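The sequence shown begins at 26 in my numbering and counts up one residue at a time.
Yeah, the Cβ is synthetic: ideal placement off N, Cα and C, and Gly gets one too.
These numbers were taken from a predicted model, which means no experiment stands behind them.
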Amino acid sequence: MAILVFVESADGKIKKTSLEAVAYAHAMGDKVTAIALGTIDKAELTAVGKYGASKVLTVSDERLNQGVIRAYAAVLAQAIQAESADTLVLANSSLGTPVAASVAVKIGASLASNVVGLPDTSSGFVVKQSIYTGKAFAMVEMKNQKKVIGIKKNAVELKEVGGDATVSDFTANLTDADFGTKITATEKATGDILLPEAEIVVSGGRGMKGPEHWGILEDLAKTLGAATGCSKPVSDIGWRPHHEHV
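Set out below in structure tokens:
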């Protein structure tokens, strides 16, 4: 069974959560090919091999730098067919989650998100999902031949298992309709450690009495190597940016 892994990037760097997806695919014991969309440094792409991908496909179309879901889904569906892949693995994220759903519809695949464990193939293909915001788990059987698996962040241990991957260009057939959504502006998360990548989060709420008191939480976060977070009311009233809402 061939596996395709969609790897996301930010500012030209492959995201840690995507490397976790590569490591998950490698642990499944099958041939792993990664695919990256947009402009990414070649050294970043070859380094994906250290976590288990033997090959990385790259689609260097500047239009893909915008993260348009329909376009991403079109490319991935074409790559799955070209690579004869049975499974797409990707990180659960603000981009990965809608892309996973769109690809699953396109290729008629079973879809599982927030997956935290390797599949049990002793009787079918069963994966463990985190549900109810981490309060419970569900065992989900994926019955279709094609499968799309979204990996929950920090659910996979990152360790180097190989050397550099080979990098190949992939040509996708994209139309203007695939870019029907126009992104006019983006608000980027800031901070030493971003919330989606964090293993530890220091969070505060309205009990902090105002944004001017957040320094103590930021200092604690730096000491712990953590990201800062906040409650929804805090982000709603503008004390902290919305990307810190947990």
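Using DSSP's beta-bridge definition, name the partner residues of residue i.
i: G63; result: Beta-bridge pairing links G63 to no other residue.
i: H270; result: C255
i: S118; result: Answer is none; S118 lacks a bridge partner.
Answer yes or no: do residue i and residue j have a C-beta to C-beta separation smaller than 8 angstroms?
i: D194; j: T71; result: no
i: I176; j: T112; result: no
i: I59; j: A190; result: The amino acid occupying residue 59 in the given sequence is Ala; Ile does not appear at that position. Yes, Cβ-Cβ distance for A59 and A190 is below 8 angstroms.
i: V186; j: V165; result: no
i: V30; j: V114; result: yes
i: L199; j: A125; result: no
i: V73; j: I39; result: yes
Locate the alpha helix (DSSP H) running through residue i, then write down its first and last residues.
i: S127; result: G121 to I132
i: V259; result: K257 to D261
i: A50; result: K41 to A52
What's the call for residue i, buried or exposed, on a 16-neighbour Cβ count within 10 Å?
i: R231; result: exposed
i: I241; result: exposed
i: I262; result: exposed
i: P221; result: buried
Starting from residue i and walking both ways along the beta strand (DSSP E), at which residues does that stretch end?
i: A137; result: S135 to V140
i: L249; result: Per DSSP, L249 belongs to no beta strand (DSSP E); it is in the alpha helix (DSSP H), G240 to L249.
i: A96; result: That residue, A96, is in no beta strand (DSSP E); its alpha helix (DSSP H) goes I94 to A107.
i: I218; result: Neither: I218 is in no beta strand (DSSP E) and is coded neither H nor E.
i: I225; result: I225 -> no beta strand (DSSP E), and no H or E assigned at all.
i: L89; result: Segment: none, L89 is in no beta strand (DSSP E) and carries neither H nor E.
- Query: In the stretch 146–211, which residue ranges form an unbroken beta strand (DSSP E) of at least 3 residues, counting only runs that do not cross its ends?
  - Reply: 151–156, 161–166, 172–176 and 191–194
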